[in-house]
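A quick write-up on the structure given underneath.
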Amino acid sequence: MTCKTDSSSCGSGGSCGCRSGSEAAAHDPVDAGRRWFMKAAAAFSTTVLGPGVTLLAFAESDAAHAKPADQPVSSKQRWGLLIDAGKCQDGCTACVTACSTENGWKTTGHPETDPQWIRKLTVTSPQDGSSFSMPMLCQHCAEPPCVDVCPTGASFKRADGIVLVDRHICIGCRYCMMACPYKARSFIHEPLEDQKPYAPRGKGCVESCTMCVHRVDAGGIPACVEACAKTGNAAMIFGDLNDKNSEIAKRVATYRTTRVRADLGTEPGVYYQNI
Amino acid sequence: MWMKGSWPRLVVALALIASVMAGTLAAPALAGPPTPAKGQGDKCVAPTDWMRRNHMKGLMHHRQRTVHEGIRTPQFDLNRCIDCHQVKGDDGKPVTVSDSRHFCRTCHDYAAVKLDCFECHASRPGETTTTGGLEGSPHGAPGAGDVASLNRYLEGAGR
Numbered sequence: 073m074t075c076k077t078d079s080s081s082c083g084s085g086g087s088c089g090c091r092s093g094s095e096a097a098a099h100d101p102v103d104a105g106r107r108w109f110m111k112a113a114a115a116f117s118t119t120v121l122g123p124g125v126t127l128l129a130f131a132e133s134d135a136a137h138a139k140p141a142d143q144p145v146s147s148k149q150r151w152g153l154l155i156d157a158g159k160c161q162d163g164c165t166a167c168v169t170a171c172s173t174e175n176g177w178k179t180t181g182h183p184e185t186d187p188q189w190i191r192k193l194t195v196t197s198p199q200d201g202s203s204f205s206m207p208m209l210c211q212h213c214a215e216p217p218c219v220d221v222c223p224t225g226a227s228f229k230r231a232d233g234i235v236l237v238d239r240h241i242c243i244g245c246r247y248c249m250m251a252c253p254y255k256a257r258s259f260i261h262e263p264l265e266d267q268k269p270y271a272p273r274g275k276g277c278v279e280s281c282t283m284c285v286h287r288v289d290a291g292g293i294p295a296c297v298e299a300c301a302k303t304g305n306a307a308m309i310f311g312d313l314n315d316k317n318s319e320i321a322k323r324v325a326t327y328r329t330t331r332v333r334a335d336l337g338t339e340p341g342v343y344y345q346n347i
Numbered sequence: 200m201w202m203k204g205s206w207p208r209l210v211v212a213l214a215l216i217a218s219v220m221a222g223t224l225a226a227p228a229l230a231g232p233p234t235p236a237k238g239q240g241d242k243c244v245a246p247t248d249w250m251r252r253n254h255m256k257g258l259m260h261h262r263q264r265t266v267h268e269g270i271r272t273p274q275f276d277l278n279r280c281i282d283c284h285q286v287k288g289d290d291g292k293p294v295t296v297s298d299s300r301h302f303c304r305t306c307h308d309y310a311a312v313k314l315d316c317f318e319c320h321a322s323r324p325g326e327t328t329t330t331g332g333l334e335g336s337p338h339g340a341p342g343a344g345d346v347a348s349l350n351r352y353l354e355g356a357g358r
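Okay, here's the thing in structure tokens:
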């Protein structure tokens with residue numbers, strides 16, 4: 073498998089966080105039949121559930137049990153994403169744009185140092201030329217390598233599974249960037265101004281997708297998921313993986329899903345379908 | 200006789216010296232305490248005297264709870280300080296920390312204490328947020344008017 077990035081936020085082909093292991097299996101001839109079945113099953117469920125609007129309603133009902141503002145987050149929740157590459161349209165970058173708008177990041181003009189909160193990848197099989205499109209972002213691992221290597225404790229996992237950087241104590245050593253198998257972290261090299269009030273970010277710190285933690289804490293859903301639903305593709309679902317009745321947990325239990333580089337044992341909170 | 204005639208001159212000379220000295224003492228750097236812009240509400244989230252001495256502790260305490268535990272109570276939310284104490288510039292928009300009239304800078308410049316919050320945090324209010332996380336009045340927070348309970352809050356659970 074080879075991969076390239078659609079958006080301008082990823083520079084070289086090698087820095088897109090794509091590996092040949094698990095994706096290669098998706099294009100084996102043996103797997104083709106199962107894949108067709110999965111696509112048919114997904115289409116069926118979409119018919120039953122209705123279009124993106126209904127899906128968004130599900131996502132919101134998942135988050136409706138938002139905690140009171142003065143209570144700490146709890147490990148009862150495990151926030152996750154389910155991304156259906158079968159519905160992710162080639163060339164659509166609605167999720168990337170929404171993330172950039174929400175969190176106030178933009179290209180630096182130097183692709184090598186661009187923020188990597190989220191980027192679109194096109195994964196192509198060199199054998200048969202078939203390809204699919206998918207967003208790549210922080211996988212919010214249950215066993216995050218970035219947290220293991222952080223010398224100051226700035227890289228941490230919240231009780232509800234969201235992996236963050238505490239920029240107050242980040243010293244900018246970038247070990248986490250090297251440790252992350254998904255290349256989901258980036259470093260801010262230049263001074264910034266006019267940041268978004270709810271997404272503080274500045275020179276000298278590492279950053280990555282926060283799963284829109286400010287929205288989630290207020291009972292909302294990440295900006296990328298919202299934007300994807302608005303396009304009608306509805307390829308992304310956000311919800312509580314621990315809640316057996318949530319749409320995301322039901323889908324993960326029902327359909328065959330893939331976690332990127334599952335062989336590493338990082339236990340990502342981001343699941344993919346049809347990759 | 201000579202002494203009598205020189206009195207007015209002496210007075211003028213003394214007055215001159217006094218005014219020069221006063222002028223030196225009244226140099227801008229030694230002007231009286233700064234008068235930072237008042238907030239827009241009736242009262243601050245804690246008594247003013249307490250805030251003067253402890254606002255940094257409140258912010259530090261809150262940041263730990265917010266970033267690591269997701270606690271987003273309004274009382275010591277930096278964004279709320281920025282919203283309430285915004286100073287309008289010549290263009291009618293709130294000034295950033297690069298302007299010496301900025302609420303935080305007024306005192307920090309005077310006390311020569313470096314401000315680094317705004318290397319990452321926004322120093323002026325943003326557009327309306329989409330988060331819906333701004334409900335609740337900071338003035339209704341527990342201990343908003345009670346210094347003892349504010350101090351207990353800072354010491355609370357070692358956080």
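Chains as they are written, first to last, in the working numbering: chain A, 73 to 347; chain B, 200 to 358.
Quick reminder that beta carbons are idealized off the backbone N, C-alpha and C, glycines included.
Is residue i buried or exposed, if buried means 16 or more other CB atoms sit within 10 Å of its CB?
{"i": "I243 (chain A)", "result": "exposed"}
{"i": "A311 (chain B)", "result": "exposed"}
{"i": "K159 (chain A)", "result": "buried"}
{"i": "Q199 (chain A)", "result": "exposed"}
{"i": "Q345 (chain A)", "result": "buried"}
{"i": "E298 (chain A)", "result": "buried"}
{"i": "H320 (chain B)", "result": "buried"}
{"i": "P273 (chain B)", "result": "buried"}
{"i": "K139 (chain A)", "result": "buried"}
{"i": "R323 (chain A)", "result": "buried"}
{"i": "W265 (chain B)", "result": "The sequence given here has Thr at residue 265 (chain B), not Trp. Counting Cβ neighbours within 10 Å, T265 (chain B) comes out buried, since at least 16 surround it."}
{"i": "G269 (chain B)", "result": "buried"}
{"i": "A356 (chain B)", "result": "With a pLDDT of 44 at A356 (chain B), under the threshold of 50, the modelled position of that residue is not reliable, and no figure is offered here."}
{"i": "C201 (chain A)", "result": "The amino acid occupying residue 201 (chain A) in the given sequence is Gly; Cys does not appear at that position. Exposed, because fewer than 16 other Cβ atoms sit within 10 Å of the Cβ of G201 (chain A)."}
{"i": "D232 (chain A)", "result": "buried"}
{"i": "R262 (chain B)", "result": "buried"}
With respect to the alpha helix (DSSP H) encompassing residue i, which residues constitute its N-terminal and C-terminal limits?
{"i": "D266 (chain A)", "result": "Element bounds for D266 (chain A): n/a, residue is neither H nor E."}
{"i": "F228 (chain A)", "result": "Unbroken run through F228 (chain A) is the beta strand (DSSP E), 227 to 229; no alpha helix (DSSP H)."}
{"i": "I320 (chain A)", "result": "319 to 326"}
{"i": "K178 (chain A)", "result": "Counting along the chain, K178 (chain A) falls outside any alpha helix (DSSP H), and DSSP gives it neither H nor E."}
{"i": "D308 (chain B)", "result": "302 to 310"}
{"i": "M249 (chain A)", "result": "247 to 251"}
{"i": "T48 (chain A)", "result": "This structure does not reach residue 48 (chain A), given that chain A is present from 73 up to 347, and the question cannot be answered."}
Please name the residue, chosen from the options, that lies closest to residue i on a Cα-to-Cα basis.
{"i": "C213 (chain A)", "options": "A:L193, A:A307, A:A166, A:I234", "result": "A:I234"}
{"i": "G240 (chain B)", "options": "B:H284, B:V296, B:D315", "result": "B:H284"}
{"i": "S318 (chain A)", "options": "A:K229, A:M206, A:L154", "result": "A:L154"}
{"i": "I260 (chain A)", "options": "A:C252, A:A251, A:C245", "result": "A:C245"}
{"i": "P187 (chain A)", "options": "A:P253, A:M249, A:M206", "result": "A:M249"}
{"i": "P294 (chain A)", "options": "A:D162, A:T173, A:C164", "result": "A:T173"}
{"i": "D345 (chain B)", "options": "B:P232, B:T247, B:P324, B:S322", "result": "B:T247"}
{"i": "Y270 (chain A)", "options": "B:L277, B:M259, B:S299", "result": "B:L277"}
{"i": "V278 (chain A)", "options": "A:T165, A:C218, A:D289", "result": "A:C218"}
{"i": "V286 (chain B)", "options": "B:A347, B:T234, B:R208", "result": "B:T234"}
{"i": "G274 (chain A)", "options": "B:R351, B:R323, B:K256, B:D315", "result": "B:D315"}
{"i": "R333 (chain A)", "options": "A:K229, A:A325, A:V342", "result": "A:V342"}
{"i": "D312 (chain A)", "options": "A:G163, A:D289, A:K302", "result": "A:D289"}
Identify the continuous beta strand (DSSP E) that holds residue i and give its terminal residues.
{"i": "W151 (chain A)", "result": "151 to 156"}
{"i": "P217 (chain A)", "result": "Unbroken run through P217 (chain A) is the alpha helix (DSSP H), 217 to 221; no beta strand (DSSP E)."}
{"i": "Q345 (chain A)", "result": "342 to 345"}
{"i": "R262 (chain B)", "result": "Per DSSP, R262 (chain B) belongs to no beta strand (DSSP E); it is in the alpha helix (DSSP H), 247 to 268."}
{"i": "S205 (chain A)", "result": "203 to 209"}
{"i": "F310 (chain A)", "result": "308 to 312"}
{"i": "L193 (chain A)", "result": "190 to 196"}
{"i": "V235 (chain A)", "result": "235 to 237"}
Rounded to the nearest angstrom, how far is the Cβ of residue i from that of residue j, given a contact under 8 Å?
{"i": "Q149 (chain A)", "j": "N314 (chain A)", "result": "6 Å"}
{"i": "S299 (chain B)", "j": "D308 (chain B)", "result": "6 Å"}
Using the C-alpha atoms, what's the distance from residue j back to residue i?
{"i": "K237 (chain B)", "j": "K292 (chain B)", "result": "17 Å"}
{"i": "A321 (chain A)", "j": "P216 (chain A)", "result": "21 Å"}
{"i": "S147 (chain A)", "j": "E339 (chain A)", "result": "15 Å"}
{"i": "L353 (chain B)", "j": "L193 (chain A)", "result": "47 Å"}
{"i": "L349 (chain B)", "j": "T295 (chain B)", "result": "29 Å"}
{"i": "T330 (chain A)", "j": "M206 (chain A)", "result": "13 Å"}
{"i": "M349 (chain A)", "j": "C296 (chain A)", "result": "Look at the range of chain A in this structure, 73 to 347, and you will see that residue 349 (chain A) is not part of it."}
{"i": "G152 (chain A)", "j": "F302 (chain B)", "result": "40 Å"}
{"i": "I190 (chain A)", "j": "M308 (chain A)", "result": "13 Å"}
{"i": "I347 (chain A)", "j": "M208 (chain A)", "result": "12 Å"}
{"i": "G292 (chain A)", "j": "G231 (chain B)", "result": "48 Å"}
{"i": "R196 (chain B)", "j": "V244 (chain B)", "result": "As displayed, chain B neither begins before 200 nor continues past 358, which places residue 196 (chain B) out of reach and without an answer."}
{"i": "H182 (chain A)", "j": "A347 (chain B)", "result": "52 Å"}
{"i": "P324 (chain B)", "j": "L264 (chain A)", "result": "16 Å"}
{"i": "S297 (chain B)", "j": "K313 (chain B)", "result": "13 Å"}
{"i": "V237 (chain A)", "j": "C281 (chain A)", "result": "10 Å"}
{"i": "R251 (chain B)", "j": "V145 (chain A)", "result": "31 Å"}
{"i": "P223 (chain A)", "j": "A306 (chain A)", "result": "39 Å"}
{"i": "H254 (chain B)", "j": "G276 (chain A)", "result": "25 Å"}
- For the segment 263 to 296 of chain B, which residues have a beta carbon sitting closer than 8 Å to at least one beta carbon of chain E? Checking the listed chains, one finds no chain E in this structure; the protein chains it contains are A and B.
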